[in-house]
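Numbering (this note's numbering), first residue to last: 654 to 929.
Take a look at the structure:
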């Protein structure tokens, strides 16, 4: 069976570290507020795809360097070339790019590891999408989140925003952000449910790591099943969803972690899950 060793992976376009089952992915162009490029999009897509096969990675923390999360696609390295494609009538090239960026979100949603976005400062455009595509989001009082696509003459329908964002904050609120391109304040983000909670900037990464370690100490196979059900049940009716969850639980009942939890309960001690 194919395996991927997350600890030995050497990233080219961001920082990557795995310690005690926690992978930390840091967007690392702080002088430009951590924008994405063609290459970093592609590497994100490929890395999250490979994480399906990584037994040594239980959680992923996604963050940005230098007090900001991500300012979106690099104006000079992405938007400029795309405008030149448009002027040359290169529709296949434009579609190849938009499919690649969308694939990064697909792979984030389909990898079994929960992803925690630790968001500080600027979180705009594709950066807002990366936060949106994560499973849990921590912000700070100075976080500003903006889906800026309309500001550059594009639809708000980018990388799954019209599908995922309304499910997080509601249709009306999502429509406002996607039509106007305005920044959602940190307080709005927490109140609307986009951010699970806000923490002080100096505590953000510590809090994200603590949450990651808490979840990594749990039944990680079952966490992956929860993530899968959260994803696939979006398009199901209630009867289909209940059947899917019945199957999911029956599968989880075959894991050793399920037995460990029972024996720990009987012995009045905390279970030590191992993810198998």
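All C-beta atoms, glycine included, are put in the ideal place defined by N, C-alpha and C.
- For the set 842, 812 and 803, the Cα lying nearest the Cα of residue 832 is the one of 803.
- When secondary structure is reduced to three states using DSSP, residue 792 falls in the strand class.
- Taken atom to atom, the span from the alpha-carbon of residue 731 to that of residue 749 is near 13 Å.
- The three-state reading of DSSP puts residue 764 in coil, since its state is none of H, G, I, E or B.
- Under the three-state reduction of DSSP, residue 772 is assigned to coil, being neither helix nor strand.
- Setting aside the 5 residues that flank it on each side, residue 797 is surrounded in the same chain by 774, 775, 776, 777, 836, 837, 838 and 839, each with a C-beta closer than 8 Å to its C-beta; the list follows chain order.
- Taking a contact to require three or more Cβ pairs closer than 8 Å, the segment 854-865 and the segment 656-670 do not qualify as touching.
- In this structure, residue 894 lies away from residue 712, with their beta-carbon atoms at least 7 Å apart.
- Residue environment: residue 754 is assigned as buried (16 or more neighbouring CB atoms within 10 Å of its CB, all protein chains considered).
- By the neighbour-count criterion, in which a residue is buried when 16 or more other Cβ atoms sit within 10 angstroms of its Cβ, residue 687 is buried.
- For residue 886, no beta strand (DSSP E) run applies, since DSSP gives it neither H nor E.
- Judged by DSSP secondary structure, residue 704 falls outside any beta strand (DSSP E); it is assigned neither H nor E.
- Residue pairing from DSSP places residue 670 in a beta bridge opposite 677.
- Considering only 679, 768 and 818, the residue with the shortest C-alpha distance to residue 866 is 768.
- Each residue's CA atom was taken as its position, placing residue 783 and residue 742 some 29 Å apart.
- Where residue 868 is concerned, the enclosing alpha helix (DSSP H) starts and stops at 857-869.
- DSSP, reduced to helix, strand and coil, places residue 807 outside both helices and strands of the structure shown, so it counts as coil.
- Non-local C-beta neighbours of residue 758 in its own chain, meaning closer than 7 Å and more than five positions away in sequence, comprise 782, 786, 812 and 813, ordered along the chain.
- Between the alpha carbons of residue 721 and residue 843 lies a distance of about 18 Å.
- Look at residue 713 here: in three-state DSSP terms it is strand.
- In this structure, the CA atom of residue 746 is about 15 Å from the CA atom of residue 692.
- Its chain contains 656 as the residues whose beta carbon lies nearer than 7 Å to that of residue 708, once the 5 sequence neighbours on both sides are disregarded; these appear in chain order.
- Between the alpha carbons of residue 898 and residue 915 lies a distance of about 20 Å.
- DSSP places residue 738 in the uninterrupted alpha helix (DSSP H) bounded by 733-740.
- The residue from 858, 911, 919 and 801 with its alpha-carbon nearest to that of residue 927 is 911.
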